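6 protein chains.
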Amino acid sequence: FYDIIEDKKEIGLVNGLAWTSVGGETLQIEAISMPGKGKVELTGHLGDVMKESALAGISYIRSKTKDLGIDENFYKELDIHLHVPEGAIPKDGPSAGITMTTALISMLTKTPVNQNLAMTGEITLRGRVLPIGGVKEKLLAAHRANIRNIIIPKENEKDLDEIPDNIKKELHISTVGNMEEVIQLVFHGDL
Amino acid sequence: FYDIIEDKKEIGLVNGLAWTSVGGETLQIEAISMPGKGKVELTGHLGDVMKESALAGISYIRSKTKDLGIDENFYKELDIHLHVPEGAIPKDGPSAGITMTTALISMLTKTPVNQNLAMTGEITLRGRVLPIGGVKEKLLAAHRANIRNIIIPKENEKDLDEIPDNIKKELHISTVGNMEEVIQLVFHGDL
Amino acid sequence: FYDIIEDKKEIGLVNGLAWTSVGGETLQIEAISMPGKGKVELTGHLGDVMKESALAGISYIRSKTKDLGIDENFYKELDIHLHVPEGAIPKDGPSAGITMTTALISMLTKTPVNQNLAMTGEITLRGRVLPIGGVKEKLLAAHRANIRNIIIPKENEKDLDEIPDNIKKELHISTVGNMEEVIQLVFHGDL
Amino acid sequence: FYDIIEDKKEIGLVNGLAWTSVGGETLQIEAISMPGKGKVELTGHLGDVMKESALAGISYIRSKTKDLGIDENFYKELDIHLHVPEGAIPKDGPSAGITMTTALISMLTKTPVNQNLAMTGEITLRGRVLPIGGVKEKLLAAHRANIRNIIIPKENEKDLDEIPDNIKKELHISTVGNMEEVIQLVFHGDL
Amino acid sequence: FYDIIEDKKEIGLVNGLAWTSVGGETLQIEAISMPGKGKVELTGHLGDVMKESALAGISYIRSKTKDLGIDENFYKELDIHLHVPEGAIPKDGPSAGITMTTALISMLTKTPVNQNLAMTGEITLRGRVLPIGGVKEKLLAAHRANIRNIIIPKENEKDLDEIPDNIKKELHISTVGNMEEVIQLVFHGDL
Amino acid sequence: FYDIIEDKKEIGLVNGLAWTSVGGETLQIEAISMPGKGKVELTGHLGDVMKESALAGISYIRSKTKDLGIDENFYKELDIHLHVPEGAIPKDGPSAGITMTTALISMLTKTPVNQNLAMTGEITLRGRVLPIGGVKEKLLAAHRANIRNIIIPKENEKDLDEIPDNIKKELHISTVGNMEEVIQLVFHGDL
Ligand SMILES: [Ca+2]
Ligand SMILES: [Ca+2]
Ligand SMILES: [Ca+2]
Ligand SMILES: [Ca+2]
Ligand SMILES: [Ca+2]
Ligand SMILES: [Ca+2]
Ligand SMILES: [Ca+2]
Ligand SMILES: [Ca+2]
Ligand SMILES: [Ca+2]
Ligand SMILES: [Ca+2]
Ligand SMILES: [Ca+2]
Ligand SMILES: [Ca+2]
């Protein structure tokens, strides 16, 4: 999947793709955990829909702790903080669902994530990945940011027709129908 | 009741029918549970009436744990998350009452639900099923989505006159007066 | 009091009378209890005044547990849910006070209430029954719903002049000054 | 002080005087307590200023339990509910401060209060009684309600000039500068 | 500092100076404590800035318990109520910071405060006293209320030029740069 | 870094730089801690973005307690209060992130901070320092306040072109890409 050998890898840090009125842009999702009592902090000027999306990702992880190799008590022994810089910019919508979930899995399993990768897609409780809007603008933004590996929802495959060919051939685009496929693409068995 | 033998079945996942200004549409209700302390999370951009409807469903289940074969302490030993994708679309009203309750029963009893089935109806605390609006639009939406088995409230039977005959003969429509009848139709004794 | 022998009786279910801009209508109050920790859930799109009225009813009951034969610890050993279908319709005002209180007493004492009965009246903490508005419209609504036994506040007796005689002679109307009289009329010593 | 020997007395029930845009009126303050954990419920469509006034009264009582002969742990062993019928009418302002405090003291000491008495005055944490508005309208309302004994703040004495003489001679008006004087007038040593 | 020997002294009661659209006025700050669990009640129609100012004062005191001779566990063994009559008047702004802090120190150390004294000044967490507005109006109000001893922030010294000489020579005005100086002026070593 | 030997140093007090519609200005961040139970108080009329920024700083510190030599249980054994005078002025935005974090680290490690220093920069959970706006106005404000040592984000280096040379040569400006560099500049190994 990743052909750029020298890519930097980070734990708990994943690139997302947002679509604003002035076009697409990349954003970073940061997740950290601390010994605690199960408090979840969601910051970065996030709207209610985006916060609910993070909660769906947490519940998905809690229902899959065995498969993911995560301590099933993490939700009550850790405090979790998920933050999306830049704090002054309001952010909302469900399209960062798989990005936030991936950041949390990386942080909880201490498995690094390639930084030359960005993803977008709504997640459901059961891990289905739903289509999102603004695919074209988001992919152009990733390209501008020199990110070459992209994950989008399977149901957005048709939107790829709109991407200029010279851009498309510089991007490695994967489509996914569920969170298991995201995990396979990002961690390929490292969990 | 179900004549489509090969229908897929899922635990904690039930199709609902919504009626919006742009017509009827199907929506999925997802329910999962996790070892926990009795927290209930209701997400998916749900309005207050829809959240109250979910709470009524939970109380109905708590008052019927013996009949349903559910551990009477589930409400304090599990965390429950009920989510309605797609998170960006605001949803409200009581008409998903029986759908949410069915998803919760399926999840708590680990009994799968046929996915070629959709239902709509307000639930009361005592399990009475009250009539809802938009029956015609909802049934057309189910038909478009290739769902063939439908449950509606008994008091909406009169609204079936408005459904074109060619549609109606492709649908198996059941009418119910209370939640017990829903359970019988969905789980036919499997609980 | 009740001359219709064959009336159906239910536990925790009592008919109220509401007065809306489009006239009077009947509504049902449902109360259930579950083993729990003293949580009180009040649902059905209820306004603040109506919720406060329910709280007044609960405090009245807590201060009278001995007289009513109710375990004095019910408020911390049970979770109580009081719901007023139909969830989509906003409801407010204090006039369902005695109805909600009666539903709670019926539920806590497991004593059934005749369903051919409807009542309206504000309750105070000490059980006084205060007058309410819309008596004429409410009684006509009860009559249309084939309910024949009615309880109204004593201070509303004067409003009975406005009811047409042919309606009035088909209704059994009792007036009450306090909750003790309501209890006597509804449960006649069965508690 | 009270010359009407046969006056009815009640525990936890005290008459207040309110001043609304349509003139003065009487209102009743009800207080009850129940074995509990220190919850304070303030209901009756009360505004924030009126609720703060009740909290000031409770703190006054907590700081004076010894003088009043009240168990100093009442605030954590009882649940207290203070309610002001009629629930549909919004109420606000600090002028029911001494009335609410008197109702609470009556309830906590189980000492009855004469019902042929009404009072008005803001209370401070330390028991000072501050002047209030609408004295004339309030006294006329009390007179119309056949209440003959009235307590008002000392600083409102000048407002008595506005009361017609024929009314004034039928009322027994006491003025008070602090809560101790209210207690002396209401309970004359019975606590 | 105080030349009026016969001044009345009170515990937990301190005069503040407010500046409203209709001019300056005096206000009293009342503080009481009760055996409890660390609850802090702030009442009197206070705005958020004024409440934050009280919280800053409490934190200042908690960080100085040793210097002040206050039990370091007071914040969890007492309930504290700070109230500003007259409850009907909205109050806001940080200028009562040193007044509220002085009332709390007086109450916690049971050391009385001279009532012929008024003060105004914002407090910071570390006890710095910041300048406030309306010095002229506030001093005239104190003078009208026959209060002769005044404390203002050092950085407001320049505003004293605006005070008429005949007023100024009847007032004893002290300026302070930090809370330690306030404490010295008010309690002169009595703590 | 600091060439002004005689600079005053304080614990838990750090200068920030704000940018308002009327130009730049300096503000002070105060942090104190008290024995407690992990409560975090954020006051000074702070907007949500600024509060989230403080929470990000706290999480950053919690995830770095070992490196910083801070007791890893500080978050549950101390109450922390972060205050930004002047309380009457609304403040918001993420640009005080590194300032608030530095104040907290100084307070938790009891290491003083030079007061002839001001800083501005958004902090992320992982300690990255993001660029902020208003660099020119902020630096002029620091200069006016006779502060000579300044820390700004690396990505704001380009904004230094706009600063007049006569000002720039009187300031010692350091640019930082992450919080570790801030810590090195402020505490140079004293932690
Ligand atoms: Ca960006
Ligand atoms: Ca979407
Ligand atoms: Ca759909
Ligand atoms: Ca409906
Ligand atoms: Ca009805
Ligand atoms: Ca009414
Ligand atoms: Ca009245
Ligand atoms: Ca007033
Ligand atoms: Ca005043
Ligand atoms: Ca100010
Ligand atoms: Ca400043
Ligand atoms: Ca910014």
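Residue numbers (the numbering used here), protein chains in the order written: chain S, 43 to 233; chain R, 43 to 233; chain A, 43 to 233; chain L, 43 to 233; chain C, 43 to 233; chain Z, 43 to 233.
Ideal Cβ positions, reconstructed from N, Cα and C, are used throughout, including at glycine.
Just so we're clear, the structure is a prediction, and the values are computed from it rather than from any experiment.
Candidates the options: closest to residue i by CA position
i	options	result
R/Lys50	R/Ile194, R/Ile189, R/Lys210, R/Leu88	R/Ile189
R/Ser175	R/Met149, R/Ala138, R/Ala145	A small correction: the amino acid at residue 175 of chain R is Gly; Ser does not occupy that position in the sequence shown. R/Gly175 has its Cα closest to that of R/Ala138, out of R/Met149, R/Ala138, R/Ala145.
Z/Asp232	Z/Thr166, Z/Glu212, Z/Leu110	Z/Leu110
R/Arg104	R/Met92, R/Val64, R/Ile194, R/Leu120	R/Leu120
L/Asp90	L/Asn158, L/Pro136, L/Leu124	L/Pro136
L/Ala96	L/Gly54, L/Ile131, L/Thr143	L/Thr143
Z/Leu234	S/Pro154, S/Asp134, S/Ile122, S/Val171	Any answer about residue 234 of chain Z is impossible in this case: the structure gives chain Z only from 43 up to 233.
L/Leu182	L/Gly169, L/Thr141, L/Trp61	L/Trp61
Z/Lys180	Z/Leu55, Z/Lys210, Z/Tyr102	Z/Lys210
L/Ser101	C/Leu227, C/Leu124, C/Glu94	C/Leu124
S/Val177	S/Gly169, S/Arg170, S/Lys196	S/Lys196
Other residues of its chain near residue i: CB distance less than 7 angstroms, five sequence neighbours each side excluded
i	result
L/Ala160	Asn57, Gly58, Leu59, Thr68, Ala184, Ile189, Ile192
S/Thr151	Leu110, Gly111, Ile112, Leu233
A/Glu52	Pro154, Val155, Gln157
A/Gly99	Gly139, Met142, Thr143, Leu146, Ile165
Z/Gly54	Glu72, Ala73, Ile74, Ala145, Ser148, Met149
C/Lys93	Leu84
Burial state of residue i, where buried means 16 or more other Cβ atoms lie within 10 Å
i	result
R/Asn208	exposed
L/Val218	buried
A/Ser148	buried
Z/Val64	exposed
C/Lys106	buried
R/His230	exposed
A/Arg186	exposed
A/Glu212	exposed
C/Lys133	buried
S/Pro206	exposed
L/Ile47	Note that L/Ile47 has pLDDT 44, beneath the 50 cutoff, so the model's placement of it is unreliable and the number below is only indicative. With fewer than 16 Cβ atoms within 10 Å of its Cβ, L/Ile47 is classed as exposed.
Contacting residues, own chain, Cβ-Cβ under 8 angstroms from residue i (five flanking each side not counted)
i	result
L/Pro127	Leu69, Gln70, Glu72, Gly86
Z/Ala130	His87
Sequence-distant residues of its chain with Cβ nearer than 6 angstroms to residue i (five each side left out)
i	result
Z/Met76	Asp121
L/Gly78	Leu120, Asp121
S/Gly80	Tyr117, Lys118
Z/Arg170	Asn220
C/Ser216	Ile193, Leu227
R/Pro173	Pro195, Glu197, Asn198
**Message:** With three or more beta-carbon pairs closer than 8 angstroms as the criterion, would you say the segment 201-208 of chain S touches the segment 221-231 of chain S?
**Reply:** Judged by Cβ distances under 8 angstroms, the segment 201-208 of chain S makes no contact with the segment 221-231 of chain S, as fewer than three pairs qualify.
**Inter-stretch contact at 8 angstroms, needing at least 3 Cβ pairs: the segment 84-91 of chain Z / the segment 113-127 of chain S** = Verdict: no, contact absent.
**Prompt:** Which parts of the segment 137-223 of chain L are runs of the alpha helix (DSSP H), unbroken and 4 residues or longer, counting only runs that do not cross its ends?
**Reply:** Whole alpha helix (DSSP H) segments, 4+ residues: 139-151, 177-186, 207-210.
**Item:** Segments assigned alpha helix (DSSP H), at least 4 residues, entirely inside the segment 86-110 of chain C
**Value:** Taking 4 residues as the minimum length, the alpha helix (DSSP H) runs contained wholly in the segment 86-110 of chain C are 90-104, 107-110, in order along the chain.
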